[in-house]
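Sequential numbering of the sequence shown, starting at 364, is according to this note's numbering. Please read the structure below before turning to the comments.
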Amino acid sequence: MKIFITGATGFIGGHIARKLRERGDEVLALVRSPEKAATLGNLGCELITGTLADEAAIKRGVEGCDAVIHGAAIYEIGVPQSRHEAMYDANVLGTERVLRAVLEAGTPRVVYVSSVVVFGNTHGKVVDETYEHPGTGFGSYYEETKYEAHQIATRLIEDEHLPCVLMQPGGVYGPDDHSELGNLVGRYVSGKLPLIPFPDFGMTLVHVEDVADGVILGLESGEIGEAYILGGAITTNRETLQMAARVAGKHRSVRAMPAGVLKAIAPIAPMIAPMIGFPPNMHEVIRAANGVTFWAKHDKAIEQLGYSPRGLESTLRDTMLAEGHIEA
364 MKIFITGATG
374 FIGGHIARKL
384 RERGDEVLAL
394 VRSPEKAATL
404 GNLGCELITG
414 TLADEAAIKR
424 GVEGCDAVIH
434 GAAIYEIGVP
444 QSRHEAMYDA
454 NVLGTERVLR
464 AVLEAGTPRV
474 VYVSSVVVFG
484 NTHGKVVDET
494 YEHPGTGFGS
504 YYEETKYEAH
514 QIATRLIEDE
524 HLPCVLMQPG
534 GVYGPDDHSE
544 LGNLVGRYVS
554 GKLPLIPFPD
564 FGMTLVHVED
574 VADGVILGLE
584 SGEIGEAYIL
594 GGAITTNRET
604 LQMAARVAGK
614 HRSVRAMPAG
624 VLKAIAPIAP
634 MIAPMIGFPP
644 NMHEVIRAAN
654 GVTFWAKHDK
664 AIEQLGYSPR
674 GLESTLRDTM
684 LAEGHIEA
């Protein structure tokens, strides 16, 4: 197959591109800078220089392809207002540009990599693909933009017969994970995090290799118009860090950082964030994590696609081994 990918220089997209090349697919990747996409070039991917704002580059990439995988997005929690325009343009308008290019080119199939975050706070419930966000009360601007992008994809499927399959990963981790979760695990296991922020924050954690496999399953056999959750472990920050400590052979207690302390420092967070390792918009971080769960089950993907994620303990061990936190 000839497949155009957006987001191939990102965490998930890089694994998807590698797996597609390993099975012999021709891969075209939209990249902002070819010089910074050497890994993709070494894999044999054709690099299309451009961004999600570049309609001409998107059209060049889509033209003549058998399928498109749209995974590019800005993922960031705790962003200041000044970053909203860029995030909206990438996550919302960028998604519409790619999906409309698919319609115009008559591409037979597109996989849109959405997220479980589009459900919003599940309030302790483990939901499935039928769950709907109320459309208000967003915890973060990222959540809001991913929700809007998901709605655009759904409308284009319903109104313009977009041949789209929607994949919804949970919280993704693995070697070279630069998200806040990867940061937490590394600092906690090394003893550099005596107090844990938001220990009861609930996540649906899934290893990046399993997500990449799930996206390719969706490409191969997902039903047009359907959404599939790509999950793994239903867990919390506390449980994840306790398991990471056990795997590393450490005996560390999980002591919570009081939410009141975080709220107290929120007004001065933009000034001190670089020193304490927190994002500048702590008000948003608190809204997005304090007492919040993003729990979702992946039964549909298992039953209909043959999705088979691995367990949290074994993949945490593999991740920490790869990153040097533990020894073989």
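All residues carry an ideal CB built from backbone N, CA and C; glycine is no exception.
Given this structure, state the Cα-to-Cα distance separating E389 from Q605, to the nearest angstrom. 42 Å
By DSSP, does K663 sit in helix, in strand, or in coil? helix
Examine the Cβ distances between the region 517 to 524 and the region 495 to 509 and report whether three or more of them are shorter than 8 Å. no
Tell me which residues share the same chain as S396 and place their Cβ nearer than 8 Å to its Cβ, disregarding the 5 neighbours each side in the sequence. T412
Residue nearest to G457 in terms of C-alpha spacing, selected from A622, I631, E666, A420: A420
Where does V655 fall in DSSP's three states? coil
Starting from C527, follow its DSSP beta bridges and name the residues at the other end. V473
For A607, which residues from the same chain have a beta carbon less than 6 Å from its beta carbon, with the 5 sequence-adjacent residues on both sides left out? V548, V552, L679
Might you give, ordered along the chain, the residues of its own chain that have their beta carbon closer than 7 Å to the beta carbon of K660, omitting 5 neighbours on each side? V489, D491, I592, G594
Could you give the C-beta distance for V535 and Y510, rounded to a whole number, given that I count them as a contact under 8 Å? Not quite, the Cβ-Cβ distance comes to about 18 Å (not below 8 Å), so this is no contact.
Work out the CA separation of A651 and G483 for me, nearest whole Å. 9 Å
From the DSSP output, which residues share a beta bridge with F707? The requested residue 707 is not part of the displayed model; the chain covers only 364 to 691.
Given L406, which residues of its chain have a CB within under 8 Å of its CB, disregarding the five upstream and five downstream residues? A380, R381, R384, V390
Going by DSSP in three states, L593 sits in which element: helix, strand or coil? strand
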